[in-house]
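Undergrad: Note that the protein sequences, when read in sequence, are chains A and B.
Under numbering that gives the first Met the number 0, the first sequence has 203 at position 204, and the numbering climbs by one with no breaks.
Under numbering that gives the first Met the number 0, the second sequence has 34 at position 35, and the numbering climbs by one with no breaks.
Here it is, the structure in full.
Protein chains: 2
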Amino acid sequence: MSTNPKRDVFASLARVGTALSSPIRIEFLELLAQSERSVEQLAGLTGTTVANTSQHLQRLRQAGLIVGRKEGLYVFYRLAGDEVVALLSAMARVGEAYVADVERIVRLYFAQKDELEPVPAKEVLERARKSLVTVLDVRPPEEFAAGHVPGAINIPVQELEKRIKELPKRREVIAYCRGPYCLMSFEAVEKLRKKGWRARRLENGLPEWRAAGLPVVEEAES
Amino acid sequence: MSTNPKRDVFASLARVGTALSSPIRIEFLELLAQSERSVEQLAGLTGTTVANTSQHLQRLRQAGLIVGRKEGLYVFYRLAGDEVVALLSAMARVGEAYVADVERIVRLYFAQKDELEPVPAKEVLERARKSLVTVLDVRPPEEFAAGHVPGAINIPVQELEKRIKELPKRREVIAYCRGPYCLMSFEAVEKLRKKGWRARRLENGLPEWRAAGLPVVEEAES
DNA sequence: CTATTATTCAAGTGATATATTGAATACTAG
DNA sequence: CTAGTATTCAATATATCACTTGAATAATAG
Numbered sequence: 000m001s002t003n004p005k006r007d008v009f010a011s012l013a014r015v016g017t018a019l020s021s022p023i024r025i026e027f028l029e030l031l032a033q034s035e036r037s038v039e040q041l042a043g044l045t046g047t048t049v050a051n052t053s054q055h056l057q058r059l060r061q062a063g064l065i066v067g068r069k070e071g072l073y074v075f076y077r078l079a080g081d082e083v084v085a086l087l088s089a090m091a092r093v094g095e096a097y098v099a100d101v102e103r104i105v106r107l108y109f110a111q112k113d114e115l116e117p118v119p120a121k122e123v124l125e126r127a128r129k130s131l132v133t134v135l136d137v138r139p140p141e142e143f144a145a146g147h148v149p150g151a152i153n154i155p156v157q158e159l160e161k162r163i164k165e166l167p168k169r170r171e172v173i174a175y176c177r178g179p180y181c182l183m184s185f186e187a188v189e190k191l192r193k194k195g196w197r198a199r200r201l202e203n204g205l206p207e208w209r210a211a212g213l214p215v216v217e218e219a220e221s
Numbered sequence: 000m001s002t003n004p005k006r007d008v009f010a011s012l013a014r015v016g017t018a019l020s021s022p023i024r025i026e027f028l029e030l031l032a033q034s035e036r037s038v039e040q041l042a043g044l045t046g047t048t049v050a051n052t053s054q055h056l057q058r059l060r061q062a063g064l065i066v067g068r069k070e071g072l073y074v075f076y077r078l079a080g081d082e083v084v085a086l087l088s089a090m091a092r093v094g095e096a097y098v099a100d101v102e103r104i105v106r107l108y109f110a111q112k113d114e115l116e117p118v119p120a121k122e123v124l125e126r127a128r129k130s131l132v133t134v135l136d137v138r139p140p141e142e143f144a145a146g147h148v149p150g151a152i153n154i155p156v157q158e159l160e161k162r163i164k165e166l167p168k169r170r171e172v173i174a175y176c177r178g179p180y181c182l183m184s185f186e187a188v189e190k191l192r193k194k195g196w197r198a199r200r201l202e203n204g205l206p207e208w209r210a211a212g213l214p215v216v217e218e219a220e221s
């Protein structure tokens, strides 16, 4: 009597787990954590066929992780809610803490990870308000436009070296990107430090910032 | 250059997701969230063969979710850390919020779920210290022995009806069990209310209580 | 209505996961 | 060393999953 519905609950949870069991689907989720996107966009960004992308998105939707919105010809998908971001963060934390691979990979590509101590979100918000730090968003412009930390400057990581002069040198730079397992902010901090700037990473990325209820600026569409 | 390690990180996260993609493995995790257990115990509790149980446990271990400890003939498995409890909670929250099934099942068996408002952990601790409430642990005795809320009384839910007199009637009873998707505490509250007691559920269960850093009593072994 | 485009559906194939079975390994007791 | 037990390993049939292909839907423009 009491064990039957329990099994059903486990089955439901397992459906969520199954949705998270494919690297491509996790990549879709990370992209959708930035802003809503159409099927075609997601297919292009990940290099998979449209039909395949559509099928993956439907599995994610059946698991309750994303929702779709039809607008004209396009279907725009987005995360179902902040709980999904929390779930991804929890997975990343388990992965970092216990799966040797993740740490090994991060160390391999960013040997000085230990020196790149992240800054907690609340601290950044306070110090940004007092103009004590420069907040740097290293994501692509379209993601910046869909929402960013108030007062942040947007310089995609590829352009950082040639546009580095736009950042005041006397203030410390706090860089952020997509999330705890997005590596662009590591790269940015590395480059900034090489050129003599003081720089650190924001703990986590914009999705977590948003999920924590901190203010986000969204640019008005023209 | 920057997209290659990213794919690897997604693959690592997907391995965690794959580990969470089977109902039986989630059941094992929920049992292990209570206390460490041997392979044989887990097999008995879930009704699967020992060989099958062993294989599932190894997949969980490879994903970094559990760790094993050999003691004589037995191998005792336990969760790798509190992060795993957080991950399970995050999954349950997504499931409850967005997967219609979970909510439907809970409603089906506990129609008055809305009236069973849970009590936050901090509130319970305070009021238990002042003896304003009775804390009731409805899990089996062996799980109670492995760790419980300070001052809690242990009456497994099956025995609740015949032992209900052990609970003082003038104080409100706060019941808890294994976690947010464990249904025993719902059942307990239902029975208590029918008999005229005031009763509510503790928000979440013991694993979350422990993960939140709140005090836990472990009985000394003889 | 027709043509066009984004998305979804359906069928097929190769790969992967699951549960079962029987044997191998590791440890303890005597 | 031998017997007995807990766990793991290996081999197998069945089921499920991932990706491709080609066609079907649905919305828009002309």
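Note that beta-carbon positions come from the ideal geometry of N, C-alpha and C, so glycine has one too.
Alpha carbon to alpha carbon, what distance is there between residue 167 of chain B and residue 47 of chain B?
TA: Distance between the alpha carbons of residue 47 of chain B and residue 167 of chain B is about 40 angstroms.
Undergrad: Express the C-alpha separation of residue 218 of chain B and residue 147 of chain B in angstroms, rounding to a whole number.
TA: So the two alpha carbons sit approximately 9 angstroms from each other.
Undergrad: Along the stretch 2-17 of chain B, where does the CB come closer than 9 angstroms to a CB of chain A? Name the residues.
TA: Correct list: 3, 4, 5, 6, 7, 8, 9, 10, 11, 12, 13, 14, 15, 16, 17.
Undergrad: Rounding to the nearest angstrom, what Cα-Cα distance links residue 156 of chain B and residue 145 of chain A in this structure?
TA: Their Cα atoms are separated by approximately 51 angstroms.
Undergrad: Assuming residue 135 of chain B and residue 163 of chain B make a contact with CB atoms under 8 angstroms, what is their CB distance in whole Å?
TA: About 10 angstroms; that fails the 8 angstroms criterion.
Undergrad: Whole angstroms is fine: what's the gap from residue 52 of chain B's alpha carbon to residue 81 of chain A's?
TA: Straight-line Cα distance between these residues: approximately 34 angstroms.
Undergrad: I'd like the list of long-range same chain contacts for residue 79 of chain B, defined as Cβ closer than 7 angstroms, with 5 residues on each side in sequence excluded.
TA: Within the same chain, residue 79 of chain B has close Cβ partners 63, 64, 65, 66.
Undergrad: Who are the neighbours of residue 59 of chain B on chain A, taking C-beta pairs under 9 angstroms?
TA: Correct list: empty, because the minimum Cβ distance to chain A is about 11 angstroms.
Undergrad: Pairing CB atoms from the stretch 120-139 of chain A with CB atoms from the stretch 194-209 of chain A, are three or more of them under 8 angstroms?
TA: Cβ pair count under 8 angstroms is three or more, so yes.
Undergrad: Reducing DSSP to helix, strand and coil, say where residue 51 of chain A ends up.
TA: Correct three-state label for residue 51 of chain A: helix.
Undergrad: Taking C-beta pairs closer than 9 angstroms, name the residues in chain B that residue 137 of chain A reaches, listed in chain order.
TA: None at all; the shortest Cβ gap to chain B is about 11 angstroms.
Undergrad: Check for me: the beta strand (DSSP E) holding residue 172 of chain B runs from which residue to which?
TA: Looking at the DSSP string, the run of the beta strand (DSSP E) that includes residue 172 of chain B is 171-175.
Undergrad: What residue from A:190, A:69, A:176 has the CA that sits closest to residue 159 of chain A's CA?
TA: Here the closest residue by C-alpha is A:190.
Undergrad: Rounded to a whole number of angstroms, what is the C-alpha to C-alpha distance between residue 223 of chain B and residue 177 of chain B?
TA: An answer regarding residue 223 of chain B cannot be provided, because it is not within the stretch 0 to 221 covered by chain B.
Undergrad: Checking contacts by CB at 8 angstroms: is residue 92 of chain A closer than that to chain B?
TA: It does; some Cβ of chain B falls within 8 angstroms.
Undergrad: Counting only Cβ-Cβ distances shorter than 9 angstroms, please list the residues of the stretch 23-54 of chain A near chain B, keeping chain order.
TA: Listed in sequence order: 23, 24, 25, 26, 29.
Undergrad: Between the C-alpha atoms of residue 165 of chain B and residue 172 of chain B, what's the straight-line distance to the nearest angstrom?
TA: Cα to Cα, the separation comes out at about 12 angstroms.
Undergrad: Would you call the CB atoms of residue 38 of chain A and residue 74 of chain A closer than 8 angstroms?
TA: In this structure, residue 74 of chain A lies closer than 8 angstroms to residue 38 of chain A by Cβ.
Undergrad: What does the Cβ neighbour count give for residue 85 of chain A, buried or exposed, with the cut at 16 atoms within 10 Å?
TA: Classification of residue 85 of chain A: buried, given that the 10 Å Cβ count is 16 or more.
Undergrad: If we define contact as Cβ-Cβ less than 8 angstroms, is residue 82 of chain A a contact residue for chain B?
TA: Closer than 8 angstroms: yes.
Undergrad: Go to residue 24 of chain A, then tell me how far its alpha helix (DSSP H) extends in each direction, as first and last residue.
TA: Element bounds for residue 24 of chain A: 22-33.
Undergrad: Going straight from the alpha carbon of residue 138 of chain B to that of residue 25 of chain B, what length do you get?
TA: Taking the straight line joining both Cα atoms gives about 18 angstroms.
Undergrad: Straight-line CA distance for residue 8 of chain A to residue 130 of chain A?
TA: Going from the Cα of residue 8 of chain A to the Cα of residue 130 of chain A covers about 49 angstroms.
Undergrad: Select from B:27, B:68, B:32 the residue whose C-alpha is nearest the C-alpha of residue 54 of chain B.
TA: Out of B:27, B:68, B:32, B:27 has the C-alpha closest to the C-alpha of residue 54 of chain B.
Undergrad: Can you tell me which of the three DSSP states residue 68 of chain B falls into?
TA: Correct three-state label for residue 68 of chain B: strand.
Undergrad: Apply the 10 Å Cβ neighbour rule to residue 5 of chain B and answer buried if 16 or more other Cβ atoms are within range, or exposed otherwise.
TA: Flag for residue 5 of chain B reads buried.
Undergrad: Considering only their Cβ atoms, is the gap separating residue 94 of chain A from residue 11 of chain B smaller than 8 angstroms?
TA: Yes. Within cutoff.
Undergrad: Are residue 213 of chain A and residue 127 of chain A closer than 8 angstroms when you measure CB to CB?
TA: Going by C-beta atoms, residue 213 of chain A is not nearer than 8 angstroms to residue 127 of chain A.
Undergrad: Can you give me the start and stop residues for the beta strand (DSSP E) that residue 198 of chain A sits inside?
TA: First-last of the beta strand (DSSP E) with residue 198 of chain A: 198-201.
Undergrad: Measuring alpha carbon to alpha carbon, tell me which of B:36, B:71, B:174 ends up nearest residue 185 of chain B.
TA: Closest option to residue 185 of chain B, Cα to Cα, is B:174.
Undergrad: Helix, strand or coil: how does DSSP classify residue 18 of chain B here?
TA: Helix.
Undergrad: Can you tell me which of B:143, B:187, B:32 puts its alpha carbon nearest to the alpha carbon of residue 216 of chain B?
TA: Of B:143, B:187, B:32, the residue nearest in Cα terms is B:143.
Undergrad: Anyone know if the C-beta pair for residue 77 of chain A and residue 141 of chain A falls short of 8 angstroms?
TA: Not closer than 8 angstroms, so no.
Undergrad: For residue 184 of chain A, decide whether its Cβ has a neighbour in chain B, counting only Cβ atoms nearer than 8 angstroms.
TA: Not an interface residue.
Undergrad: Between the stretch 198-217 of chain B and chain A, which residues of the former have a C-beta closer than 7 angstroms to a C-beta of the latter?
TA: The residues in question: there are none.
Undergrad: Note the first and the last residue of the continuous beta strand (DSSP E) segment covering residue 78 of chain A.
TA: Taken as a continuous stretch (DSSP letters only), the beta strand (DSSP E) holding residue 78 of chain A covers 73-78.
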